[in-house]
Amino acid sequence: MEKVLSMSYIYAMNDVIFSIMSDTKIGIKDDLPKLWKSESEKRLVTQIGLMKCIIVSPNIVIAYAGNNINKAAELLRNVKNSSDTMEEIISAAFKIHITSDEDAIEFIIAYCDETTRELISVKNQQVFRNCKVAWLGSWEAYNEFKRLESLISEDDEKGKKSITLTEIGEFLEEDLDEELVRAYKIEECFSEVVNSGIDPTVGGNGC
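Numbering that gives the first Met the number 0 puts the sequence shown at residues 0 to 206.
Written as structure tokens, this is what we have:
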């Protein structure tokens, strides 16, 4: 069977910031000619990895994790060749998820416009709407992430400053919002997990 091992780790939050983070590692088991045109391209994918968060429209991002990324490519081909609405994309993602082998593919779909933000998680044979937090992939990576998140202290969040350059060329120092600082710390935790080696299917770059 043609297969790529790519359990991965994806984490998204809809809070003070709207953020989706993913690793990039791809572990190739067998050839998947539909995903690369040559052996050199295949080697490049192995060495560098793949982006697992894809902007499919000005308002929609699709992220994926699982043991068969050909299923992710299937959804992206469907989206690329149509003008699907958000609901149609969710329906297509759910159909691919529930008709695939266990752990083959999971999705996070994010929508954002001037007035609306929504995270949708497609996993465990269900669709979860309006998520504050969503994650896909490795339990080991998720557990390590939660451990690191629990170590973020109030001292880490308080008293942080930002420096900006004003229109008249002066530097302005301002206090950073504590919730925003925490969100940045969470992103640092994610990068640390990706680089930790806690799960051999997770790695590459955290982005």
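Beta carbons: idealized from backbone N, C-alpha and C, even for Gly. Model, not experiment: these values are computed from the prediction.
If contacts are defined as beta-carbon pairs under 8 Å, then residue i and residue j qualify, I think. What distance do you get, rounded to the angstrom?
i, j, result
"SER56", "VAL201", "No, SER56 and VAL201 are not in contact; Cβ-Cβ is about 28 Å, not under 8 Å."
"LEU147", "VAL78", "Not a contact, Cβ separation roughly 34 Å."
"ALA109", "ALA182", "About 15 Å separates the two Cβ atoms, so there is no contact after all."
"GLU105", "VAL121", "6 Å"
"LEU179", "VAL15", "5 Å"
The ligand ZN and residue i: does the residue's C-beta get closer than 8 Å to at least one heavy atom of that ligand?
i, result
"ALA109", "What this structure holds is no ligand at all, so the ligand ZN is not there to describe."
Measure from the alpha carbon of residue i to the alpha carbon of each residue in the options, then state which is nearest.
i, options, result
"ILE61", "LYS70, GLU186, ILE107, ILE16", "ILE107"
"TRP138", "THR115, GLU73, ASP102", "ASP102"
"ILE25", "SER37, ASP14, ASN66, LYS122", "ASN66"
"THR23", "VAL15, ILE68, ASP14", "ILE68"
"SER252", "GLU87, CYS130, ALA64, ASN129", "Here the chain comprises residues numbered 0 to 206, so residue 252 is not present and cannot be evaluated."
"SER195", "GLU143, LEU43, TRP134", "GLU143"
"ILE54", "ILE95, ASN204, ARG128, CYS111", "CYS111"
"GLU153", "GLU177, ILE19, TRP134, ALA140", "GLU177"
Can you give me the C-alpha to C-alpha distance between residue i and residue j, rounded to a whole angstrom?
i, j, result
"PHE17", "LEU118", "9 Å"
"ASN123", "VAL132", "16 Å"
"ILE51", "ILE59", "For the sequence presented, residue 51 should be read as Lys rather than Ile. Rounded to whole angstroms, LYS51 to ILE59 spans 14 Å at the Cα level."
"CYS188", "GLY136", "16 Å"
"MET85", "ARG116", "12 Å"
"LYS184", "ILE97", "35 Å"
"GLU1", "ILE167", "Its pLDDT being 39, under 50, GLU1 is placed unreliably by the model, and nothing is read from it."
Answer with yes or no whether the minimum CB distance from residue i to chain B is below 9 Å.
i, result
"PHE189", "In the structure shown, chain B cannot be found, because there is only a single protein chain."
Contained beta strand (DSSP E) runs [length at least 3] in the segment 106-148, N- to C-terminal order: Listed in chain order, they are 116-122, 125-127, 132-136.
Could you tell me whether the segment 84-95 touches the segment 67-76, using the rule of 3 or more Cβ pairs below 8 Å? The segment 67-76 and the segment 84-95 touch, with three or more beta-carbon pairs separated by less than 8 Å.
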